[in-house]
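In this text, residue positions in the sequence shown follow UniProt numbering: the first is 1, and each later residue adds one.
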Amino acid sequence: MYELGQVLKIQYRGFKHYGIYVGNNTVIHNSKKYQRVEEIDLTSFADNKNIEVSSIKAENPTLAVQTARKYLGVPYSLFSENCEHFVRAACGLVKESTQVQKYLISAIGIGVLLKSDNTVVKAAGGVAALASMLTPTEKSPVKNVAVAACLAAGIAFLAAK
């Protein structure tokens with residue numbers, strides 16, 4: 001069915017939930033509901049939704065499972081210890097949540113677009129929000145946003161001359 005150490009995901013409205021398959025039809029995930037990293041069966045993890053294999057991968061799946069087990073009991077935190085932070089850290093990747101990044105950057109960009117009186121700043125904010133939303137799932141939007149906002153600000157600045 002699934003391979004040891006594979007990152008699995010399920011789609012909820014507006015976000016994805018991640019876990020690591022650890023064998024015997026079980027998954028380790030960081031649960032917002034139970035506020036900690038826990039091991040559960042696949043059916044409970046699926047929560048009546050389709051399970052997909054994530055593009056997030058560990059170079060060493062066996063080590064990812066061992067690392068995931070070390071996280072059991074670690075408390076949940078949306079901004080520093082959510083399910084995506086957990087799977088990325090267990091896989092030996094940068095511990096980040098691209099979903100949180102996208103929502104925060106989009107909110108800030110839209111706020112800047114709506115509140116700023118400066119055309120250049122408005123353009124940068126709007127394009128930052130758009131670039132964040134258009135960044136592919138499971139990829140960090142930070143680089144795309146920085147490049148797009150700089151380009152938009154430059155174009156707006158030149159157009160204002």
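Where a beta carbon is used, it is the ideal one built from N, C-alpha and C, also for glycine.
Computed from a predicted model, the values in this text were never measured in an experiment.
Going by DSSP, what residues sit across from residue i in a beta bridge?
i: E138; result: In the DSSP output, where bridge partners are listed per residue, E138 has none listed.
i: residue 162; result: Only positions 1 to 161 of the chain appear in this structure, which leaves residue 162 out of reach.
i: V145; result: None; V145 has no bridge partner.
i: F15; result: Y12
i: P75; result: R36
Which of the three DSSP states, helix, strand or coil, is assigned to residue i?
i: I20; result: strand
i: residue 164; result: No answer is possible for residue 164: it lies beyond the span of the chain, which begins at 1 and ends at 161.
i: K9; result: strand
i: S132; result: helix
i: E96; result: coil
Out of the options, point me to the one whose CA is closest to residue i's CA.
i: R88; options: G14, V7, Y2; result: V7
i: E39; options: N30, D47, D117; result: N30
i: residue 182; options: K32, F45, Y34, K49; result: Because the chain here runs from 1 to 161, residue 182 falls outside it and cannot be looked at.
I believe residue i touches residue j by the beta-carbon criterion, under 8 Å. Please report the beta-carbon distance rounded to the nearest angstrom.
i: A152; j: A124; result: 5 Å
i: S54; j: E138; result: 7 Å
i: A58; j: G92; result: 6 Å
For this session: Taking 8 Å as the threshold, find out whether the region 61-75 comes into contact with the region 97-105 through three or more Cβ pairs.
Result: Flag = no, the region 61-75 and the region 97-105 do not touch.
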